[in-house]
Structure formats: C-alpha cells, structure tokens
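Note sheet for the following structure.
Rendered as structure tokens:
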C-alpha cells in the first residue's frame, strides 16, 4: 500500500499545533474500498463512552490511510468514513464526534469543507483537522479563522506529525463542555455563514443563498457590523461600479429577494432613511 513517505523526524516544541514539515511525495493508489466498507446508511452498536472520529475525504485510499494511522495510535477508537458532502453533513447533524479530520475539496466542490466547518461549529464545535492538497501558505490562516484546529498540507508531513496532532486534539476534546439540549433559539446573526474565501458560498440556516458577487460583498459588510448602521459611503467602498444610492438599494433588494426565496418572512435587513442599512442581530 502506498503512503505518505516518511521524512526525517522533525523536532517540535511541546504543545505546538502549527508546524512546518519536510517535503515528501504523496502517491495515492487506485484501489477501491473493500466490499465490507461501512455504508453511510449502516449503523453499528456504539458504546456510549467510545471516542469517535470522523474522516471526511473523497479519495478512499487516502481516507483508509488516515484511518489506519489513527487506529495504529489509538486502537480503541471508532472511526467513521464519509466521502461526500451530503453524507458528511447528515452525519454531523446526527452524531457527536470527538474529532473531525477532513479535506476541503470534496468531489467537484472545491470549498465544500468551508461549509462543513461552519456546520460543525454550529452543531457541537468539534475540533477539526484539515488535511488538504491546497497550499498551506494560503489556506492555513483561513482555516484558523474558521476555528479549525490546524491545517496539514498533503505531501508536506509525515505519519508521526499527523498522529501527534490527532492525539493532542483528542486530549483537548475531552475538556469540551457538552451542550445542553433545549437551549435558547439561535440568534439571526449566528445563522448566516459567508465563505471567507469569496467563492460564492453564502448559507442561511443551512440553505444556500444565490447572490451575485457585489451583493455578497454588501451582505458581508452589513454582517460584519451587525446591529449597526452601515452608511451608503461605506457601502460604496465594496461596490466597484455604479457607486450611487440607487444602485446600492438595488443590491439590497436583490439580497432580500434571495433570502425570501428561502424564508418568505425574512426581515433581517433594516433600511435606515438617509443613512444606510443595518443587519439585525435579533432572535429568529
């Protein structure tokens, strides 16, 4: 079986989670998963105190390799493998994992992982380790901004680094408080997710909002200053052409219509006469 090739050991400071790794070659194999692989619809009996890990990776050989590394370090863990965004979202909604290891790209969706991290943060705040082929110099800071624990770039780390990071995350996971059932209703501003990578992923209560790029920028400006009036002059800074009030109002109308396609009673944007607009941080 092919694997991440071992590189010379790397000295790390105790407790460090963001680290540099030596260059190496990752060569995925083409074998398909065995017939006895657990399908997404299958459920097995689970001991209540079993530590559970989810691997979200669309390449079966890579998924199997990561699973093997995890089980070599902690044989008693339960490791669930998910290969599509839909299956992963369903699992996140119904299960409470202690750790999630995931890729950003799933199938044809280049940034599916961004939406999944947002969903994880809303559900349980489970620690997330991102393992992706995308350049760490670009994506590590973005994943950190999304509250991912760390970002490992494929071809630039060895098995020992991966295991050290996973074990550290599992130890931290034990200290997480368990959310209470029947808590307060989520606030409106917490139910909006905007893709910080600017790839067109706006989610409202888990549903995609179809917006043109300029409308997304205006929405992001309103949400960043939620509960405050964002002036026309400030909104002009995110509109590349047509910097006038009529054009801004047209974009606001487009945003409202897109949200009302999902929720007909949506009233999350307030018009403030002569001043601008406000994203309301009120209860849903």
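Numbering (my numbering), first residue to last: 422 to 705.
Every residue, glycine too, gets a C-beta built ideally from N, C-alpha and C.
Proximity below 7 Å, CB of residue i to CB of residue j
i, j, result
"residue 490", "residue 583", "yes"
"residue 520", "residue 474", "yes"
"residue 405", "residue 641", "An answer regarding residue 405 cannot be provided, because it is not within the stretch 422 to 705 covered by the chain."
"residue 631", "residue 581", "no"
"residue 556", "residue 590", "no"
"residue 629", "residue 612", "no"
"residue 567", "residue 522", "no"
"residue 664", "residue 657", "yes"
"residue 476", "residue 492", "no"
For residue i, the three-state DSSP class (helix, strand or coil)
i, result
"residue 615", "strand"
"residue 690", "strand"
"residue 590", "helix"
"residue 623", "strand"
"residue 685", "coil"
"residue 678", "helix"
"residue 630", "coil"
"residue 530", "strand"
"residue 580", "helix"
"residue 489", "helix"
"residue 560", "helix"
"residue 604", "For residue 604, the predicted structure reports a pLDDT of 39, less than 50, and the residue's modelled location is therefore unreliable. The matter cannot be settled from this model."
"residue 496", "coil"
"residue 638", "helix"
"residue 567", "coil"
"residue 668", "helix"
In DSSP terms, what residue i is bridged to
i, result
"residue 572", "551"
"residue 697", "652, 693"
"residue 523", "477, 551"
Extent of the continuous alpha helix (DSSP H) to which residue i belongs
i, result
"residue 658", "Neither: residue 658 is in no alpha helix (DSSP H) and is coded neither H nor E."
"residue 515", "506-515"
For residue i, the nearest candidate out of the options (CA to CA)
i, options, result
"residue 564", "539, 505, 477", "539"
"residue 668", "636, 530, 629, 479", "636"
"residue 482", "504, 493, 579, 557", "504"
"residue 651", "691, 634, 685", "691"
"residue 638", "672, 554, 536, 496", "672"
"residue 510", "536, 495, 494", "536"
"residue 397", "677, 649, 681, 633", "Nothing about residue 397 can be reported from this structure: the residues present for the chain run from 422 to 705 only."
"residue 518", "688, 499, 487", "499"
"residue 514", "543, 531, 681, 494", "543"
"residue 624", "516, 574, 569, 682", "682"
Delimiting residues of the beta strand (DSSP E) encompassing residue i
i, result
"residue 476", "473-477"
"residue 501", "499-503"
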